[in-house]
Amino acid sequence: MFSGHSNLRNNFLKGPIPLSLGNLSSLKILNLNNNRLSGGIPKELGNLSHLIRMCLEENQLTGNLPSELGNLRKLVHLDLSSNYLDGILPPSYSELKSLQLFGVAGNKLNGQMPKFISKWTNLTDLILRSCSLNGSIPDNPGVWPQLTYLDLSFNQLTGGIPKTMKNVTTMILTENMLQGSIPPSPFPDDNWDLSYNDFSIPPSKDSENTKSHGPEPNIKPSRYYTLEAKTNFCQGKSKYDSLFINCGGANLSSDGKHYDSDTSVAKFYEGPENVRGKRWAYACSGEFLSSTANSSDYIKNKTCGVSGESLHETARLCPVSLTYYGFCLHKGDYNVKLHFAEIVYAMDEDYSSSGKRVFDVYIQGERKLKDFSIKDDAKYPNTAISKEFVATVNDSLLEIRFQWAGKGSIYSKPLLNGPLVSGISVTPNFTITGGNKLSTPQIVGITVGSVFAPFLLLAFMWQMGWLGNRELQEVHVDVEDRSFTLKQIIDATQNFSPDMVIGKGRFGVVYKVDQNHQIKFAVKKISPESMQDKLKDELHGEIFFKQMKSLKHENVIQLFGGYSRKDLHLLIYEYMEKGSLHQALFDPNSRIELDWKVRFDICLGLAKALKYLHEGEGNGLKILHRNIKASNILLDKNFTAKLTDFGWARVYNQEDPFMTIKAGGARIYVAPEYALGQPITDKADVYSFGVVALEIFSGRASIENKPNQESAILIDDARIAHAKGRIYDLVDRRLINYDRKKAFNILKLAVMCINPTADLRPTMSEVVSVLEGEKTIDQNLHNVNRRF
Numbered sequence: 001m002f003s004g005h006s007n008l009r010n011n012f013l014k015g016p017i018p019l020s021l022g023n024l025s026s027l028k029i030l031n032l033n034n035n036r037l038s039g040g041i042p043k044e045l046g047n048l049s050h051l052i053r054m055c056l057e058e059n060q061l062t063g064n065l066p067s068e069l070g071n072l073r074k075l076v077h078l079d080l081s082s083n084y085l086d087g088i089l090p091p092s093y094s095e096l097k098s099l100q101l102f103g104v105a106g107n108k109l110n111g112q113m114p115k116f117i118s119k120w121t122n123l124t125d126l127i128l129r130s131c132s133l134n135g136s137i138p139d140n141p142g143v144w145p146q147l148t149y150l151d152l153s154f155n156q157l158t159g160g161i162p163k164t165m166k167n168v169t170t171m172i173l174t175e176n177m178l179q180g181s182i183p184p185s186p187f188p189d190d191n192w193d194l195s196y197n198d199f200s201i202p203p204s205k206d207s208e209n210t211k212s213h214g215p216e217p218n219i220k221p222s223r224y225y226t227l228e229a230k231t232n233f234c235q236g237k238s239k240y241d242s243l244f245i246n247c248g249g250a251n252l253s254s255d256g257k258h259y260d261s262d263t264s265v266a267k268f269y270e271g272p273e274n275v276r277g278k279r280w281a282y283a284c285s286g287e288f289l290s291s292t293a294n295s296s297d298y299i300k301n302k303t304c305g306v307s308g309e310s311l312h313e314t315a316r317l318c319p320v321s322l323t324y325y326g327f328c329l330h331k332g333d334y335n336v337k338l339h340f341a342e343i344v345y346a347m348d349e350d351y352s353s354s355g356k357r358v359f360d361v362y363i364q365g366e367r368k369l370k371d372f373s374i375k376d377d378a379k380y381p382n383t384a385i386s387k388e389f390v391a392t393v394n395d396s397l398l399e400i401r402f403q404w405a406g407k408g409s410i411y412s413k414p415l416l417n418g419p420l421v422s423g424i425s426v427t428p429n430f431t432i433t434g435g436n437k438l439s440t441p442q443i444v445g446i447t448v449g450s451v452f453a454p455f456l457l458l459a460f461m462w463q464m465g466w467l468g469n470r471e472l473q474e475v476h477v478d479v480e481d482r483s484f485t486l487k488q489i490i491d492a493t494q495n496f497s498p499d500m501v502i503g504k505g506r507f508g509v510v511y512k513v514d515q516n517h518q519i520k521f522a523v524k525k526i527s528p529e530s531m532q533d534k535l536k537d538e539l540h541g542e543i544f545f546k547q548m549k550s551l552k553h554e555n556v557i558q559l560f561g562g563y564s565r566k567d568l569h570l571l572i573y574e575y576m577e578k579g580s581l582h583q584a585l586f587d588p589n590s591r592i593e594l595d596w597k598v599r600f601d602i603c604l605g606l607a608k609a610l611k612y613l614h615e616g617e618g619n620g621l622k623i624l625h626r627n628i629k630a631s632n633i634l635l636d637k638n639f640t641a642k643l644t645d646f647g648w649a650r651v652y653n654q655e656d657p658f659m660t661i662k663a664g665g666a667r668i669y670v671a672p673e674y675a676l677g678q679p680i681t682d683k684a685d686v687y688s689f690g691v692v693a694l695e696i697f698s699g700r701a702s703i704e705n706k707p708n709q710e711s712a713i714l715i716d717d718a719r720i721a722h723a724k725g726r727i728y729d730l731v732d733r734r735l736i737n738y739d740r741k742k743a744f745n746i747l748k749l750a751v752m753c754i755n756p757t758a759d760l761r762p763t764m765s766e767v768v769s770v771l772e773g774e775k776t777i778d779q780n781l782h783n784v785n786r787r788f
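The sequence shown: position 542 = 542 (full-length UniProt numbering), numbered continuously.
Right, here's the structure in full:
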């Protein structure tokens with residue numbers, strides 16, 4: 001060790017960083033990366049006033065980032081990536097204005113991306129991958145004029161790409177919540193990985209001349225790819241009961257199974273080749289070594305020396321994330337066998353055997369392997385191993401993701417140390433009879449997606465006691481202590497006349513029923529076509545209606561009964577005179593004016609309804625609504641809010657509260673964990689509540705499309721206003737004499753509810769206690785409120 005330069009990298013050092021290092025006042029370079037150092041980063045390192053380079057990446061450091069490092073004004077290079085650090089980036093780091101490289105990737109940070117980073121005008125490399133950051137990318141003029149490498153992937157950033165970013169040569173924004181158009185760039189678009197967002201290709205890049213000007217921006221797949229793929233490839237039908245892929249290799253027969261070829265050199269591919277109805281796809285994300293999108297650097301082949309089957313002689317490798325999708329699979333449990341062999345870090349003569357590959361494996365959103373090392377597990381390189389798991393397919397999709405977590409590699413930027421897989425084998429864990437036909441129980445479960453949906457629904461209705469005799473004249477529905485035949489109900493709709501329509505939903509049309517001007521209620525006529533095309537979602541909802549009838553709450557719509565026979569499917573609800581909240585707020589023809597008190601009562605009513613559902617206060621079942629939006633909140637004659645449309649509802653399992661389920665509802669209301677494939681809890685409803693609360697008190701729609709301008713996103717504006725301490729700017733200007741204290745609490749509460757991190761959102765019980773004034777935000781939501 002020398003007073004000016006300390007290079008102890010790659011020495012397998014263990015234990016904490018010595019506090020005495022802080023006494024080396026003349027030290028200029030501190031390089032301790034790729035060791036096994038643990039504990040926190042000593043605040044004493046902030047005394048090294050002459051330090052220009054600090055490399056602590058690839059260790060096992062924990063705790064918060066010490067604010068004292070902000071004293072290192074001469075620091076040019078600071079890399080803390082691939083540790084277990086948490087907390088926020090301290091404000092004192094705003095003084096590190098000499099920084100050219102800053103990396104803190106793969107740590108457990110939280111909070112918004114600090115605005116002070118935009119003041120680091122000397123930055124050339126910024127690496128904040130997988131830091132759980134939210135907020136938006138700084139867009140102030142002159143930000144990062146020297147920046148050439150930007151990696152903000154795998155966060156929860158919103159908004160768009162600032163036009164000031166056009167000179168960045170390498171931009172990796174994979175898997176955020178970004179959207180909008182892509183700014184023009186003089187550099188090859190394949191150096192920009194924008195996948196798993198919601199970007200649109202500019203018209204100039206989407207023209208026929210694209211091919212002559214280089215590759216188009218890498219925006220595929222989008223956040224909503226799986227929903228689109230199932231529609232395009234499966235068309236509502238499941239087709240397959242197995243899947244075999246030779247990752248990185250050609251067509252292959254092994255153990256009597258035919259493995260599809262997987263030799264594409266693209267970052268995103270749908271296979272098999274030359275087949276219209278694709279069975280599978282892969283997406284490869286991260287920084288690529290090659291300067292072109294079509295590179296073979298990530299197809300690996302080992303022609304000899306592999307101990308095991310020929311399946312393991314090839315592999316597909318990705319820098320950070322590799323995801324395989326299997327489409328149109330029948331419903332049921334499957335055996336998933338993953339084949340591996342370390343054929344890259346294998347040679348002693350070129351020292352590649354010292355390289356280490358560590359990654360996680362997720363199946364259907366659930367982590368199955370953590371910090372998995374092929375070589376450690378197999379004991380040797382060039383040795384075949386396999387891992388087997390059971391996965392459940394409910395909606396025709398199987399997702400297998402291999403994710404580099406930024407641990408265990410000697411490289412600070414992901415190059416060849418990302419996830420690697422040699423083969424995928426998926427076989428049914430249920431009985432198959434008659435060739436490709438399934439057993440009778442499986443047929444019953446699967447064919448509900450086609451012609452048998454109405455009959456299955458009929459059976460459910462019968463079990464619920466909703467069906468009596470065959471004739472409509474003899475089927476009765478009880479409404480407010482009176483009984484009506486279905487014929488009377490249908491006649492009251494004038495045989496479902498368009499003049500009686502009061503609303504249209506996802507699965508049908510809602511009609512008004514007026515019995516002799518005395519009793520009014522609503523009838524939802526479900527279209528058989530929608531039941532078949534959207535079978536799974538709707539049918540789960542219909543099964544759930546038995547419990548719905550038992551739900552009794554002043555802010556939950558009352559279901560009186562239903563009927564299902566042949567092509568007639570009806571649901572009978574209470575009638576809501578004032579229509580939907582969406583109509584009251586945003587319909588230009590609406591004559592309804594919502595003052596402050598009415599809006600507050602609506603917000604409180606919605607909160608109480610969700611608390612009732614989430615906590616199982618009615619029938620003991622905890623329920624996730626999953627489709628909360630202004631159009632699903634109805635208002636009665638007294639403006640009492642009632643939550644409706646439970647077609648997306650799910651029972652919340654108390655024993656296993658984490659689940660991965662398909663996103664329901666409108667995109668702008670949907671919590672980010674749906675798109676990110678993260679576990680879904682009742683906090684997803686809390687997010688949607690936050691969006692609706694912002695709409696209620698701002699009078700603005702969640703997204704406003706303006707001609708020749710970027711869309712205005714309400715949640716982005718709310719976060720910005722809150723960060724600037726100008727939360728009152730959100731209040732609807734049509735409101736006068738409103739309670740400023742309540743407005744502040746409500747809007748602050750709403751911003752908490754739309755936190756991109758689910759664990760940092762309050763519960764609906766906490767929301768209700770604050771709205772009712774039982775507790776203050778600081779008293780009741782202390783843990784949630786700390787980051788604010």
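Backbone N, C-alpha and C fix where the C-beta goes; we use that ideal spot for every residue, glycine too.
From a predicted model like this one, the values you see are computed outputs, not experimental measurements.
Assign PHE390 to buried or exposed, taking buried as 16 or more other Cβ atoms, counted over all protein chains shown, within 10 Å of its Cβ.
It is worth fixing the name first, because residue 390 is Val in this sequence and not Phe. Exposed.
Run of the alpha helix (DSSP H) containing LYS375, from where it starts to where it stops:
374–378
Out of curiosity, what's the CA-to-CA distance linking ILE713 and GLN179?
10 Å
Can you tell me which residues form a DSSP beta bridge with PRO16?
SER38
Mind checking GLU175: buried by the 16 CB within 10 Å criterion, or exposed?
buried
How many whole angstroms separate the CB atoms of ASP125 and GLN100, which I take to be in contact at a CB cut-off of 8 Å?
7 Å
Is it right to say ASN555 is buried, meaning 16 or more other beta carbons lie within 10 angstroms of its own, or is it exposed?
buried
Coil, strand or helix - GLN403 by DSSP
strand
By DSSP, does TRP596 sit in helix, in strand, or in coil?
helix
Measuring alpha carbon to alpha carbon, tell me which of LYS637, ARG53 and ILE137 ends up nearest GLY103.
ARG53
Using 8 Å as the threshold, is the segment 329–343 in touch with the segment 391–405, meaning 3 or more CB pairs across them?
yes
Whose C-beta lies closer than 6 Å to the C-beta of LEU72 among residues of the same chain, with five residues either side of it excluded?
LEU51
Looking only at its chain, what residues have a beta carbon closer than 7 Å to the beta carbon of LEU19, apart from the 5 residues adjacent to it on each side?
PRO42 and GLU44
DSSP-derived helix/strand/coil call for LYS525
strand
Which residues mark the beginning and the end of the beta strand (DSSP E) in which LYS512 is found?
508–515
Segments assigned beta strand (DSSP E), at least 3 residues, entirely inside the segment 227–261
243–247 and 252–254
Using the Cα positions of ILE572 and THR226, report the straight-line distance between them to the nearest angstrom.
34 Å
Does the segment 769–776 come close enough to the segment 692–703 that 3 or more CB-CB pairs lie under 8 Å?
no
Helix, strand or coil: how does DSSP classify PRO428 here?
strand
Classify THR231: buried if its beta carbon has 16 or more other beta carbons within 10 angstroms, exposed otherwise.
exposed
Does the distance from the C-beta atom of LYS629 to that of TYR669 stay below 7 Å?
yes
Quick test of your reading: ASN191 and ARG223, contact by CB under 8 Å. State the CB separation rounded to the nearest angstrom.
With 8 Å as the limit, ASN191 and ARG223 do not qualify as a contact, their Cβ atoms being about 21 Å apart.
So which of TYR325, ALA250 and LEU24 has the shortest CA-CA distance to ILE299?
ALA250
Check the C-beta distance from LEU13 over to LEU37 and give it rounded, since I have them as a contact under 8 Å.
6 Å
Determine the extent of the alpha helix (DSSP H) in which LEU747 is found, giving its start and end residues.
740–753
Reference MET165, options PRO141, ASN155, GLN156 and LYS525, closest by Cα
PRO141
Residue nearest to MET752 in terms of C-alpha spacing, selected from ASN737, ARG700, ARG719 and ARG733
ARG719
Does the distance from the C-beta atom of GLU574 to that of GLN558 stay below 7 Å?
yes
Suppose you measure from the CA of ASN167 to the CA of LEU147; what does that come to, to the nearest Å?
8 Å
Own chain, CB closer than 8 Å to TYR738, minus 5 neighbours either side, in chain order:
TRP596 and VAL731
Over the uninterrupted beta strand (DSSP E) stretch that includes PHE199, give me the two end residues.
198–200
CA-CA distance, VAL143 and LEU150?
13 Å
Is the beta carbon of PHE625 sitting closer than 7 Å to the one on ASP587?
The residue you asked about is not Phe; residue 625 is His in the sequence shown. No, the pair does not count as a contact, with Cβ atoms beyond the cut-off.
Going by other Cβ atoms of all chains shown within 10 Å of its Cβ, with 16 needed for buried, is HIS330 buried or exposed?
buried
Here's a check: name, in chain order, each residue in its chain whose Cβ is nearer than 7 Å to the Cβ of PRO90, leaving out the five neighbours to either side.
LEU65, SER67 and GLY70
With distances taken from CA atoms, which of PHE689, VAL501 and ALA723 is nearest MET764?
PHE689
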